[in-house]
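Q: In my numbering, the protein residues as written are 2 to 539. Just passing along the structure, written as structure tokens.
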């Protein structure tokens, strides 16, 4: 590679861009290479991109994805033990319980797409980058065939992830192979993929799309026992040829019996678009029928949603999709939120030109003084992650991204500290639109709060919040004798105080509830009469 003053690197020495000159090589198992990836998101769908020049990996995301277990989901009725607990505390008797601590569901990634680019000669220049103002992530590199570029963003306007690959600066065509990695190959953190999950790789006729559909394990206590998830990557090539290659049966033990491996090969294209969407369902069908099932409603819906984007005439120049036209409506939504507040610590000019790795190295060499550019860059990275992870809900422990199964701490929303810290800057940081996701998050989990108060304390007309949640439930099941969070009385006020502060900052306003909210389940929590409910729905 050339030095840091190459043309490619110079183009990303900009306050709205961060760049890296290195990348990891993907491995399976507990190797956490994905943590070095770059990210984009629209609050629901997103992507984590390795950014390697020749063999790249995109791990798609959906903030709602939860891997179920057989743990209990309803708050146990322990109200009858309250007096005994009180007396034990007075008598200095250590807490005890016959309750085994239960856990919420664990966040997991969608499908992991592998891209193998055709190349010639050595990599002469390389840079992977993120544009915070547009939420684009990209890879730019040069070889003997010219300079190449791939760009990816998660559209807020269309709720899909779009990747654009164009021919080189010398007019060389795009040659590309696409495939989806086995679940067994993907990384894991706390534990491996549950061996009871089943999945199939899917592909459209002539390689129009490639994807994955999976059925969750059929655990007795799971509300997702009939559910699963899917992701579809639709492939559009202008010029050249595209073909679907059947690679035979998938040997992965978690693959459904008789399922196949596929590869889509593109040769001599002028440009290629990959348009992806992921979603989940509670009604995929019976677990035992999955292997023989050929048609999936969730896959059909994903394909339909993507085709609506592709058929949007506003996105065309002559007879081709136009990347800038697809990007523009998204940027109007994302950038308005991101640039609503700025920070300038007046760092040294030479520090502003450093790559992330160079800046981190410089900070490590000085243990006594915080580097201004380091602090400023951390601020903007945090703001970018917050905006990208908000909208439908708000950030999980790791934002809305993970490249691993069995995420540490379930990758959930921990409500006694983490979520509060993560959204603490939303109001004073002028993240008005992002905060709507927090309000919807509270509405989504509060349906169980009345039941919590009844079963923990025997109270009526009272609310209790859990210390942790996967956002599908707000029950209190995560407690034990040495971890007495069943008596966390401050939870509700702790969680709703930011909403009051939002009112103080922005005044009274109408905030739309999203499709994740079932108002019927909130009648008691919100004290809604039938008349009030109909008025809100109207």
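Glycine is no exception: its CB is placed at the ideal position from the N, C-alpha and C atoms.
1. If I follow the unbroken beta strand (DSSP E) through residue 113, where does it start and stop?
2. If we call anything under 8 Å between Cβ atoms a contact, is residue 407 one with residue 193?
3. Would you kindly check if the distance between the Cβ of residue 106 and the Cβ of residue 70 is under 8 Å?
4. Looking only at C-alpha atoms, which of 507, 321, 333 and 376 sits nearest to residue 345?
5. In angstroms, rounded to a whole number, what distance separates the CA positions of residue 327 and residue 46?
6. Would residue 67 and residue 279 be called neighbours here (beta carbons separated by less than 8 Å)?
7. Should residue 83 be labelled buried (16 or more other beta-carbon atoms within 10 Å of its own) or exposed?
8. To the nearest angstrom, how far is it from the Cα of residue 31 to the Cα of residue 425?
9. Hey, residue 409 and residue 186: beta-carbon distance below 8 Å or not?
10. Which word fits residue 108, buried or exposed, when buried means at least 16 other C-beta atoms lie within 10 angstroms of its C-beta?
11. For residue 522, which residues of its own chain have a beta-carbon under 7 Å away from its beta-carbon, when the five flanking residues on both sides are left out?
12. With a CB to CB cut of under 7 Å and the five nearest residues on each side skipped, what residues in its chain are close to residue 512?
13. Taking the beta carbon of residue 291 as the centre, do at least 16 other beta carbons fall within 10 Å, making it buried, or is it exposed?
14. Report yes if the C-beta distance between residue 300 and residue 203 is below 8 Å; otherwise report no.
15. Buried or exposed for residue 358, please, with buried defined as at least 16 other CB atoms from any protein chain shown within 10 angstroms of its CB.
16. Are three or more beta carbon pairs between the segment 382-401 and the segment 37-55 nearer than 8 Å?
17. Can you name the start and end residues of the alpha helix (DSSP H) that residue 351 belongs to?
18. Where does residue 3 land, buried or exposed, given buried means 16+ other C-beta within 10 angstroms?
19. Rounded to the nearest angstrom, what separates residue 6 and residue 129 at their Cα positions?
20. Going by the beta-carbon positions, is the gap between residue 268 and residue 242 smaller than 8 Å?
21. Can you tell me which of 213, 53 and 177 puts its alpha carbon nearest to the alpha carbon of residue 35?
22. Is residue 94 buried or exposed, if buried means 16 or more other CB atoms sit within 10 Å of its CB?
23. Can you say whether residue 24 is buried or exposed, counting buried as having 16 or more other CB atoms within 10 angstroms of its CB?
24. Please look up how many angstroms separate the CB atoms of residue 225 and residue 217, rounded, as I've assumed it's under 8 Å.
A: Based on what the coordinates show:
1. 113-118
2. yes
3. yes
4. 376
5. 16 Å
6. no
7. exposed
8. Put simply, the backbone Cα of residue 31 is about 32 Å away from that of residue 425.
9. no
10. buried
11. 448
12. 437 and 440
13. buried
14. yes
15. exposed
16. With a cut-off of 8 Å, the segment 37-55 and the segment 382-401 count as touching, because enough Cβ pairs lie within range.
17. 350-353
18. Bear in mind that a pLDDT of 46 at residue 3, under 50, signals an unreliable position, so the number given afterwards is only what the model happens to contain. Classification of residue 3: exposed, given that the 10 Å Cβ count is below 16.
19. Reliability of the predicted coordinates at residue 6 is poor, the pLDDT of 47 falling under 50, and the value obtained from them is presented with this limitation in mind. Distance between the alpha carbons of residue 6 and residue 129: 15 Å.
20. yes
21. 53
22. Around the beta carbon of residue 94, fewer than 16 other beta carbons sit within 10 angstroms, so the residue counts as exposed.
23. Counting Cβ neighbours within 10 Å, residue 24 comes out buried, since at least 16 surround it.
24. 5 Å
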